[in-house]
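J.: My questions all concern the structure below.
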Amino acid sequence: MFAERLGTSARAIQTHFDQVLAVLDDLPVVHAMAHATGGGKRLRGFLVLESARLHGVGPDRAIWPATAIEALHAYSLVHDDLPCMDDDDLRRGQPTVHKKWDDATAVLAGDALQALAFDLVSRPETGPPEVRVTLTATLAKAAGVQGMVLGQALDMAAETASAPLTLDQITALQQGKTGALIEWSATAGPRLARADTAALQRYSQALGLAFQIADDVLDVTGNSDTIGKAVGKDAEAGKATFVSLLGLDAARKRADELVEQACDSLAGYGNDADTLKEAARFVVTRAH
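According to our numbering, the residues represented by the sequence shown are 147 to 434, in order.
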């Protein structure tokens, strides 16, 4: 069920991207945007669509914030891959934007994708004005210096710190860098329905941390052909990670525990939340 819905969501989001980008001018920066938004599992967009379904909100409305979060995530990856940041050549099995074009095009494509995210989430098709305002304001917070950008800044600062980060510090860092957008995605559904977000906040907070631990494990155990990006860079840079602090087996165990917490938080939804539970289990299956 999960794999089928994940695939269906990814295809729907790609179709929507194609439609949105098709009306833009035929420019290198637009082609770079299309390159950056192609491929990937689109887990964040799936979380938007699935949490919306859980609250009786149809895909005709949910596709707008689902595509918006994928545009914003794509922007973050384009900028994260730049030589001044993580300096990566490969993303989703393809050359990164600055490698396929150049640094300036990558910066502009990332900027344009970030702006596009807020354009999409604020469209009238998303819902009533108060819903759009809430989604836009919470996305700004999740993306900015209280969320993803804060996490990235802390990550960069850690590279030149005199001592490795502690487990609590890494947890706080990742709650911003990875967790903030995942939390926004999973709570978009109840926000679209003007419902309580508490259960999905607990779910997404546990899920986001489990996702990052799995990524840390894959950076040690994976290979670039399988996961579509460079591996081993954290150890090369001497960065503290969940694996370096906990060890491989303990990191996997912690991710498993977080997945159980995520699933437990959905008890109030009954069997309707089974697909979201499968999504949480999928996140850590990658690292086993």
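Think of the CB as a built atom: it goes at the ideal place given N, C-alpha and C, for glycine as much as any other residue. Keep in mind the model is a prediction, meaning the values are calculated, not measured.
Contact between the region 313-330 and the region 385-394: three or more CB pairs below 8 Å?
T.: Yes, since at least three Cβ pairs between the region 313-330 and the region 385-394 fall closer than 8 Å, the two stretches touch.
J.: Counting Cβ pairs closer than 8 Å, one from the region 214-221 and one from the region 260-268, do we hit at least three?
T.: The answer is yes - the region 260-268 touches the region 214-221, with three or more Cβ pairs under 8 Å.
J.: Excluding sequence positions up to five away, which residues of its chain have a Cβ less than 6 Å from the Cβ of alanine 356?
T.: Here the set comprises Ala401, Leu404, Val405, Val429, Val430.
J.: In the DSSP assignment, find the alpha helix (DSSP H) that holds lysine 323 and state where it starts and stops.
T.: 313-323 is the extent of the alpha helix (DSSP H) around lysine 323.
J.: Taking only three categories from DSSP, how would you classify proline 241?
T.: Here proline 241 sits in strand by DSSP.
J.: Closest to leucine 173 by CA distance: which of Met294, Thr284, Ala255, Ala344 is it?
T.: Among Met294, Thr284, Ala255, Ala344, the Cα nearest to that of leucine 173 belongs to Ala255.
J.: Taking the straight line between their C-alpha atoms, what separation do you get for glycine 414 and valine 295?
T.: Whole-angstrom Cα-Cα distance: 33 Å.
J.: Could you give the distance in angstroms between the alpha-carbon of glutamine 439 and the alpha-carbon of lysine 423?
T.: Residue 439 lies beyond the stretch modelled for the chain, which goes from 147 to 434, so this question has no answer here.
J.: Please classify leucine 173: does DSSP put it in a helix, a strand, or coil?
T.: Coil.
J.: Taking all protein chains shown into account, do 16 or more other C-beta atoms lie within 10 angstroms of the C-beta of arginine 398, making it buried, or fewer, making it exposed?
T.: That one is buried.
J.: Whether or not the region 169-185 and the region 317-325 are in contact is what I'm after, with contact meaning three or more pairs of Cβ atoms, one per stretch, closer than 8 Å; do they touch?
T.: Result no; under three Cβ-Cβ pairs closer than 8 Å.
J.: Just the Cα atoms here: how many angstroms apart are alanine 149 and serine 308?
T.: Going from the Cα of alanine 149 to the Cα of serine 308 covers about 44 Å.
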